[in-house]
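Contents: one structure, followed by commentary.
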Amino acid sequence: MLSKNTLGVPRHFLDLHRLSSADLRRIIDHTIASKKNPHPDHKPLLGKTLAMIFEKPSTRTRISFEVGMKQLGGETVVLRGEEMQLHRDETLSDTAKILSRYVDCVMMRTSDEQYLQELADSADIPIINGLTDQSHPCQIVADIVTYEESRGNIKGKTVAWSGDANNVCASWIHAAVLLGFKMNIATPKEFAPSLQVMRWLEEVKGRESITLFSDAHAAVKGADLVVTDTWVSMGNLDVARRKTLLAPFQVTESLMQSALPTALFMHCLPAHRGEEVTSEVADGKQSVIWDEAENRLHAQKSILQWCLRAGL
Ligand code: CP
Ligand code: NVA
Numbered sequence: 008m009l010s011k012n013t014l015g016v017p018r019h020f021l022d023l024h025r026l027s028s029a030d031l032r033r034i035i036d037h038t039i040a041s042k043k044n045p046h047p048d049h050k051p052l053l054g055k056t057l058a059m060i061f062e063k064p065s066t067r068t069r070i071s072f073e074v075g076m077k078q079l080g081g082e083t084v085v086l087r088g089e090e091m092q093l094h095r096d097e098t099l100s101d102t103a104k105i106l107s108r109y110v111d112c113v114m115m116r117t118s119d120e121q122y123l124q125e126l127a128d129s130a131d132i133p134i135i136n137g138l139t140d141q142s143h144p145c146q147i148v149a150d151i152v153t154y155e156e157s158r159g160n161i162k163g164k165t166v167a168w169s170g171d172a173n174n175v176c177a178s179w180i181h182a183a184v185l186l187g188f189k190m191n192i193a194t195p196k197e198f199a200p201s202l203q204v205m206r207w208l209e210e211v212k213g214r215e216s217i218t219l220f221s222d223a224h225a226a227v228k229g230a231d232l233v234v235t236d237t238w239v240s241m242g243n244l245d246v247a248r249r250k251t252l253l254a255p256f257q258v259t260e261s262l263m264q265s266a267l268p269t270a271l272f273m274h275c276l277p278a279h280r281g282e283e284v285t286s287e288v289a290d291g292k293q294s295v296i297w298d299e300a301e302n303r304l305h306a307q308k309s310i311l312q313w314c315l316r317a318g319l
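Numbering-wise (the numbering used here), the sequence shown opens with residue 8 and increments by one.
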């Protein structure tokens with residue numbers, strides 16, 4: 008019996024660094040263009056169904072994929088990991104085969120990227136990474152769209168990251184190499200980019216794309232964009248230690264003054280005001296956090312269309 012998928016080799020959206028620069032650029036450009044010029048009657052995903060599996064909480068990712076899929080004419084099924092037989096020892100590989108007979112695409116948010124890879128290895132349909140402990144690629148598509156729609160091409164620009172070099176930072180690093188911008192990353196030693204990311208940079212000869220700093224002001228000096236994220240990601244247990252070590256990396260108005268006057272501020276949200284960022288910065292005139300959140304919707308639509316070969 009044939010699987011539901013008739014699109015040939017599935018186009019997975021697992022990690023930015025597994026895409027070609029050209030594909031990432033197409034997805035970003037398509038997002039900017041379709042946001043500017045919406046065609047609400049265009050339903051390229053009519054008859055398609057997206058299953059979303061969440062093993063961690065979500066507000067933006069869940070809603071933006073659900074609304075995005077519906078706007079494109081498709082349907083969604085939302086599942087919590089623990090409600091599935093997957094959590095009673097059904098294998099990922101069997102689950103992937105079953106999903107491939109019912110739906111056209113799967114978005115999964117889970118802890119271990121290896122888990123997502125196993126799902127992709129056995130699926131006949133595209134698998135989308137909706138965040139793992141190691142990366143958050145969909146977020147960074149929306150972030151780059153947000154930068155470029157107000158400031159133009161990000162190539163050659165400097166993005167400063169201050170805080171924990173976590174999953175979101177890892178996807179920013181992947182994008183820096185693919186799209187040709189620089190990242191200044193300020194962290195305590197303990198929360199510097201992971202060995203996995205550093206090894207990848209060596210492999211692709213991309214080490215010069217990032218500069219590591221122990222001082223936030225030095226990293227932000229002259230930056231075009233300042234980005235941070237929570238000090239305590241989902242699954243992190245060492246809360247008190249993190250808050251102590253990361254305190255000097257808080258994004259404040261004084262830190263923003265070290266960046267270019269035209270610099271933007273971004274945060275993937277949810278934010279913890281008074282921790283990684285002050286309210287003055289989050290709500291200040293350089294902040295584009297609400298556009299960034301809105302752009303999750305526009306970006307998810309392009310990612311879905313790319314995965315399902317529906318218009319890009
Ligand atoms: N930024 C982001 O992924 O938000 P959610 O956790 O709410 O999906
Ligand atoms: N780094 C955060 C991102 C949340 C969207 C986390 O993994 O919890």
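Beta carbons are placed, not taken as given, at the ideal position from N, Cα and C, and that holds for glycine. These figures come from a predicted structure and were not determined experimentally.
What does the alpha-carbon distance come out to for the pair residue i and residue j?
{"i": "H134", "j": "H19", "result": "It is worth fixing the name first, because residue 134 is Ile in this sequence and not His. About 5 Å."}
{"i": "Q203", "j": "L262", "result": "29 Å"}
{"i": "Q307", "j": "S71", "result": "7 Å"}
{"i": "Q141", "j": "L315", "result": "25 Å"}
{"i": "S157", "j": "D298", "result": "10 Å"}
{"i": "L57", "j": "F198", "result": "35 Å"}
{"i": "L9", "j": "V16", "result": "Interpretation of L9 is limited by its pLDDT of 46, a score under 50 that renders its predicted location unreliable; no figure is taken from the coordinates."}
{"i": "K196", "j": "V246", "result": "17 Å"}
{"i": "Q312", "j": "I39", "result": "14 Å"}
Three-state secondary structure (DSSP) at residue i?
{"i": "T269", "result": "coil"}
{"i": "E283", "result": "coil"}
{"i": "R18", "result": "coil"}
{"i": "N160", "result": "coil"}
{"i": "F220", "result": "strand"}
{"i": "A300", "result": "helix"}
{"i": "A183", "result": "helix"}
{"i": "N243", "result": "coil"}
{"i": "T153", "result": "helix"}
{"i": "S178", "result": "helix"}
Which two residues bound the contiguous alpha helix (DSSP H) that contains residue i?
{"i": "I34", "result": "28–43"}
{"i": "K104", "result": "99–109"}
{"i": "A130", "result": "Taken as a continuous stretch (DSSP letters only), A130 belongs to no alpha helix (DSSP H), as it is neither H nor E."}
{"i": "T235", "result": "Looking at the DSSP string, T235 is not in any alpha helix (DSSP H); the run it does join, the beta strand (DSSP E), is 232–235."}
{"i": "V74", "result": "67–78"}
{"i": "W207", "result": "202–210"}
Taking 7 Å as the cut-off, is the CB of residue i close to at least one heavy atom of ligand 2?
{"i": "M241", "result": "yes"}
{"i": "H279", "result": "no"}
{"i": "N136", "result": "no"}
{"i": "H143", "result": "yes"}
{"i": "D236", "result": "yes"}
{"i": "V284", "result": "no"}
{"i": "V324", "result": "Nothing about residue 324 can be reported from this structure: the residues present for the chain run from 8 to 319 only."}
Is residue i near ligand 1 - that is, is its Cβ less than 7 Å away from at least one heavy atom of it?
{"i": "L276", "result": "yes"}
{"i": "T153", "result": "no"}
{"i": "R316", "result": "no"}
Tell me the residue span of the beta strand (DSSP E) that contains residue i.
{"i": "F61", "result": "56–61"}
{"i": "E90", "result": "That residue, E90, is in no beta strand (DSSP E); it is neither H nor E in DSSP."}
{"i": "R116", "result": "112–116"}
{"i": "L190", "result": "Residue identity check: residue 190 is Met in the sequence provided, not Leu. Segment 189–193, the beta strand (DSSP E) holding M190."}
{"i": "S169", "result": "165–169"}
Less than 7 Å between the CB of residue i and some heavy atom of ligand 4, yes or no?
{"i": "N302", "result": "As for ligand 4, it is missing from this structure, which binds only ligand 1 and ligand 2."}
Could you tell me whether the Cβ of residue i comes closer than 8 Å to any Cβ of chain C?
{"i": "N136", "result": "In the displayed structure, chain C is absent; only one protein chain is listed."}
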